[in-house]
Amino acid sequence: MRRALDLAARGWGRVHPNPMVGAVVVRDGAVVGEGWHAEYGGPHAEVVALERAGADAAGADLYVSLEPCAHHGRTPPCTDAILAAGIRRVFYAAADPHRTAAGGAERLRQHAIEAVAGPLTGEARVLNAPFFHVHERGRPWLALKLALSLDGAIARAPGERTDISGPRARAEVHRLRAGFDAILVGSNTAHVDDPQLTVRGDITPRVPPTRIVLDSEASLSPASVLARTAGDVPTWVVAAHCRDEQRVEALRAAGVQVHIVPADEHGVSLDGLLRLLHTRAIHTVLCEGGARLATRLIAEDRVDRTYLFLAPIFLGPGSVPAFTLDAPAEPGWQLRETRALENDALVVWDRVHVRV
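If you count the sequence shown from 1, you need to add 15 to reach this note's numbering.
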């Protein structure tokens, strides 16, 4: 099953909104076929593994990281392929939360195939945390990514763009971006950094992430990199007001989508933002700052995972702290991963008690 999970991860950036799935066919203690879901609309992991196993699949066991689907979507049901191959037993790490696709295990049992839930259910849910979150909670899954100095700062001084992470950490950020529906920043980050917010790494995402600026007054400059490249990559400004109609029209003329959502005391309502994202089928969001937006997201309990890239530098007095206000001191974060990226470190935490 651990091999199935490792194979599943190879689908990052290419299969969403489907989950990443891996499968391994085992006969007489030996692997006779394996596969993973490599492309949205392409064959599922079980089908690939069974085809590679060929005649050896008859009487074998199948290990799959997610319950086999029982519905006909872009591809036929995986349960049909399992039945046709003559598999003896199926072990699946986690039940499928999708209302339409679920039920595969029960269908297999109805045809006298033993279907066993587990092992490694927790690991399987972590691997596809966004997929489970969206189908079980009905709102977008939001991750917060920050690059920090050892003294907890994200910039050397207010209004100053500061490169913090090293090459390996920056490469990992591009890999992460490839697996998200959208990349979110605040208006100050868009102004100071003038970022591209595109994926420039080894993985070419199936669909480029939509670039979103949370910008209460729609102040993004039409001369910004984001606006000038909006014809190439989907770009949104989510605002609460449109005081400068000429600028808004210039943004729209450049291809930027300007969305107006309700306001609250902080500017754009996060509830309004999440509702907008959900209605537009944007299920996964990577927020890349800045400090004010990161603080709001944490304080209002909207963050489901944090990716903190720690660099071995000190930015000293006058630097910009990652969080500008007090955040809840309650526990509820679980450490998922720590990894060295050359001289930097990546630390990943998941929210345990996520607001519904």
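The beta carbon of each residue, even a glycine, is placed where N, CA and C say it ideally should be.
In the three-state reduction of the DSSP assignment, residue 147 falls in the helix class, which pools H, G and I. Exclusion of the five residues before and after residue 207 leaves 174, 176 as the residues of its chain whose Cβ lies within less than 7 Å of its Cβ.
Under a 10 Å Cβ-count criterion, residue 83 is classified as buried, with 16 or more other Cβ atoms of the shown protein chains found around its own Cβ. Rounded to whole angstroms, the gap between the alpha carbons of residue 88 and residue 308 is 38 Å. For residue 113, the CB contacts under 6 Å within the same chain, skipping 5 residues up- and downstream, are 150 in chain order. Contact between residue 311 and residue 281 is confirmed by a C-beta separation of about 6 Å, below the 8 Å threshold. Counting other Cβ atoms within 10 Å of its Cβ, residue 279 stays below 16 and is therefore classed as exposed. Here residue 201 really is in contact with residue 304; their C-beta atoms are around 7 Å apart, less than 8 Å. Looking from the CA of residue 165, the closest CA among 350, 98, 332, 115 belongs to 332. Your pair residue 225 and residue 251 checks out as a contact, with CB atoms roughly 6 Å apart and the cut at 8 Å. Per DSSP, the continuous alpha helix (DSSP H) segment holding residue 187 begins and ends at 182-192. The alpha-carbon separation between residue 37 and residue 262 amounts to approximately 48 Å. In this structure, DSSP gives residue 213 a state outside helix and strand, which the three-state scheme calls coil. Going by DSSP, residue 299 is part of the beta strand (DSSP E) stretching over 299-302. With 16 or more other Cβ atoms inside 10 Å of its own Cβ, residue 28 counts as buried. Between the beta-carbon of residue 298 and that of residue 32 there is about 6 Å, and that keeps the pair under the 8 Å contact cut. Three or more beta-carbon pairs separated by less than 8 Å are not found between the stretch 130-137 and the stretch 37-57, which leaves the two stretches without contact. Within the DSSP secondary-structure output, residue 274 pairs in a beta bridge with 253. The C-alpha of residue 142 is placed about 29 Å away from the C-alpha of residue 99.
Only residues of its own chain outside the window of five on either side were considered, and among them 40, 41, 42, 47, 68, 102, 103 have a CB closer than 7 Å to the CB of residue 75, listed in chain order. For residue 227, the closest C-alpha among the options 24, 268, 264, 283 is that of 283.
Using a Cβ distance threshold of 8 Å, residue 205 and residue 239 count as a contacting pair.
Residue 49 counts as buried, since no fewer than 16 other beta carbons sit within 10 angstroms of its beta carbon. In this chain, the beta strand (DSSP E) harbouring residue 41 covers 37-42.
In the DSSP assignment, the residues bridged to residue 226 are 198, 250.
The DSSP-derived three-state label of residue 317 is coil. The beta carbon of residue 215 sits closer than 7 Å to those of 189, all from its chain and outside the five residues before and after it, given in chain order.
Secondary structure of residue 367 (DSSP, three-state): coil.
Under the DSSP assignment, residue 159 falls in the beta strand (DSSP E) whose first and last residues are 156-163. Here residue 191 is near residue 301, since their CB atoms are less than 8 Å apart.
Bridge partners of residue 106 according to DSSP: 78, 131. Beta-carbon to beta-carbon, residue 365 and residue 316 are separated by about 13 Å, too far to satisfy the 8 Å threshold. Looking from the CA of residue 231, the closest CA among 243, 223, 257 belongs to 257.
For residue 355, the enclosing beta strand (DSSP E) covers residues 348-356.
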